[in-house]
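Working notes, beginning with the structure itself.
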């Protein structure tokens, strides 16, 4: 009987505890967007924004800069997401969806860290889901009934579209837009956490392009023999 109980604990309760740990967001300030009635034109614009199904690309013009960004961000994210292929896919999707919504990809990385700690299946106590902790009511408001907020691109597309919407409402004030996104408008804790994560962990300044250095003309040493070139012989 004791052996059976141990097997149940090992094969049933332990996996359930693990799944529970994956589903519950560990962040203290993962809040919830608040439902607000939308004008028809705003609703239509948001519906159009989340309906994109184009394959994500890394929207950095220079191929060398694309590679530098991807490798640098991948190394920073490696401890949180060991699977390299999935890590690169996530980074490309974040950059694509953030840029498409007119957001700084580095800021969005900071937001994802605060909201879900990069846990795909994170669920907050208020029911917000996924990487960007999107509330399910948004599916009915601007999405399609079969949209899955645990799907990587769907979650990122919704999250970036919603934050862009709040940023427009707040006339570009990121501090207040982040407060709306988290359901804590007017409180400093959440915007401060996002900014700290952004600046401390995800800040990115592209390295300056390397320019060829012009050859230096220096006075020869006294021991260096003088060489006279017949210019006419070069013609």
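Residue numbers (my numbering): 3 to 237.
Here a beta-carbon is modelled for each residue, glycine too, at the ideal position from N, C-alpha and C.
Fair warning: this is a prediction, and the values are worked out from it, not measured in the lab.
### Query
In the structure shown, what three-state DSSP assignment does residue 189 receive?
In the chain shown, the residue the question calls residue 189 occupies position 187. Coil at residue 189, not helix or strand.
#### Entry: Contacting residues, own chain, Cβ-Cβ under 7 angstroms from residue 101 (five flanking each side not counted)
The sequence position of residue 101 within the chain shown is 99, counting from 1. 61 and 107, listed in sequence order.
### Message
Restricting to Cα atoms, I'd like to know which of 197, 130 and 114 is closest to residue 82.
### Response
Counting from 1 along the chain shown, the entry for residue 82 is found at position 80. Nearest of 197, 130 and 114 to residue 82, Cα basis: 114.
### Query
By how many angstroms is the C-alpha of residue 77 removed from the C-alpha of residue 198?
Within the chain shown, residue 198 is the residue found at index 196, counting from 1. Within the chain shown, residue 77 is the residue found at index 75, counting from 1. The straight-line gap from Cα to Cα measures roughly 19 angstroms.
### Task
Counting only the same chain and skipping the five closest in sequence on each side, list residues whose C-beta sits under 7 angstroms from that of residue 85.
Along the chain shown, one-based indexing puts residue 85 at 83. Nothing listed; no residue qualifies.
### Rounded straight-line distance, which links the Cα of residue 179 to that of residue 185
In the chain shown, the residue the question calls residue 185 occupies position 183. In the chain shown, the residue the question calls residue 179 occupies position 177. Between residue 185 and residue 179, the C-alpha separation is close to 10 angstroms.
### Task
Classify residue 163 as buried or exposed, calling it buried when 16 or more other Cβ atoms lie within 10 Å of its own Cβ.
On the chain shown, residue 163 is found 161 positions in, with the first residue counted as 1. Residue 163 comes out buried.
### Task
Would you decide whether residue 87 is buried or exposed? Buried here means 16 or more other CB atoms lie within 10 Å of its CB.
Start at 1 with the first residue of the chain shown, and residue 87 comes out as number 85. Residue 87 comes out exposed.
### Task
Rank 117, 156, 105 and 144 by C-alpha distance to the C-alpha of residue 46 and give the top, closest one.
Indexing the chain shown from 1 puts residue 46 at position 44. Looking at the Cα atoms, 144 is the closest of the given residues.
### Query
In angstroms, rounded to a whole number, what distance separates the CA positions of residue 67 and residue 149?
Reading the chain shown from its first residue, position 65 is the one you call residue 67. Reading the chain shown from its first residue, position 147 is the one you call residue 149. When rounded, the distance between both Cα atoms is 33 angstroms.
### Task
Indicate the three-state DSSP secondary structure (helix, strand or coil) for residue 131 in the structure shown.
Residue numbering aside, residue 131 sits at position 129 when the chain shown is read from its first letter. Reduced to three states, the DSSP call for residue 131 is strand.
### Query
Just curious, the alpha helix (DSSP H) that residue 96 is in, first and last residue?
Here residue 96 corresponds to residue number 94 of the chain shown, with the count starting at 1. Per DSSP, residue 96 belongs to the alpha helix (DSSP H) from 86-102.
### Task
Mind checking which residues open and close the alpha helix (DSSP H) that includes residue 167?
Numbered from its first residue, the chain shown carries residue 167 at position 165. Its alpha helix (DSSP H) spans residues 154-171.
### Residue burial classification, residue 146 (beta-carbon count within 10 angstroms, cutoff 16)
Taking the first residue of the chain shown as 1, we reach residue 146 at position 144. Exposed, by the Cβ-count rule.
### Query
So, are the CB atoms of residue 93 and residue 105 less than 8 angstroms apart?
On the chain shown, position 91 is the one that residue 93 refers to. On the chain shown, position 103 is the one that residue 105 refers to. Contact flag unset, no.
### Query
Are the beta-carbon atoms belonging to residue 95 and residue 155 less than 8 angstroms from one another?
For this step, residue 95 is matched to residue 93 along the chain shown. For this step, residue 155 is matched to residue 153 along the chain shown. Going by C-beta atoms, residue 95 is nearer than 8 angstroms to residue 155.
### Query
residue 136 bridges to which residues according to DSSP?
Along the chain shown, read from residue 1 onward, the residue named residue 136 stands at position 134. Answer is 131.
### Query
Skipping 5 residues on each side, what residues in its chain have a beta carbon closer than 7 angstroms to that of residue 24?
Here residue 24 corresponds to residue number 22 of the chain shown, with the count starting at 1. Note that residue 24 has pLDDT 41, beneath the 50 cutoff, so the model's placement of it is unreliable and the number below is only indicative. Within the same chain, residue 24 has close Cβ partners 121 and 123.
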